[in-house]
Structure formats: structure tokens, C-alpha cells
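In case it helps, full-length UniProt numbering puts the sequence shown at residues 1 to 74.
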Amino acid sequence: MTTALAPELTAADRCDRCGAQAYIRARLVSGGELLFCAHHGREHLPALKDKALDIRDETDRLSDIPGSAPVDER
1 MTTALAPELT
11 AADRCDRCGA
21 QAYIRARLVS
31 GGELLFCAHH
41 GREHLPALKD
51 KALDIRDETD
61 RLSDIPGSAP
71 VDER
């Protein structure tokens, strides 16, 4: 489940479980919000699907190669 939540996750958003950069945001039916790194998101998302209004998953950003990367890394 992915919906358009604003704003986009940034480096300042941290995983509620371990403090790493968050790539997944789950807005809960109860009104709360949870942020997870990719690792903890994969662990907890199955249980959250029934409890979340919206889930924003930006883990695909982990495989993006920046335009500033050397040619041999692209």
C-alpha cells in the first residue's frame, strides 16, 4: 500500500526502532505515525497493513544511483 503523503521523507526522519534513516512512514488509524528504516519496515509492515491508513514506502531510493556518481558506478 503506497499513497501520497506529504512531505517526502528526508535524512532527518529516523527509524523509531533503531534510529537509522527512515524510508517507510506508516500513518495509523489510531492517529499515530511510525517511521522505519528499510530493515525494520520489512519486519513490521505485514502487521501494520491492517492498522495503517497510509503507508509511504521509499525504499526504492536505496537502489538509486546519484547523477554525481562516477560513470563506472552507474
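Built from N, CA and C at the ideal position, the CB exists for glycine as well.
Going by C-alpha to C-alpha distance, which of the options sits closest to residue i?
i     : options                : result
Arg14 : Glu8, Ser68 and Ala22  : Ala22
Asp60 : Cys37, Pro7 and Val29  : Cys37
Leu48 : Glu58, Gly32 and Gly19 : Gly32
Rounded to the nearest angstrom, what separates residue i and residue j at their Cα positions?
i     : j     : result
Arg52 : Leu34 : According to the sequence as given, residue 52 is Ala; it is not Arg. Their Cα atoms are separated by approximately 10 angstroms.
Ala11 : Ser30 : 26 angstroms
Gly19 : Leu45 : 17 angstroms
Are the Cβ atoms of residue i and residue j separated by less than 8 angstroms?
i     : j     : result
Arg27 : Asp54 : yes
His40 : Arg17 : yes
Arg42 : Leu9  : no
Kindly indicate if chain B contains any beta-carbon less than 8 angstroms away from that of residue i.
i     : result
Asp54 : Checking the listed chains, one finds no chain B in this structure; it contains a single protein chain.
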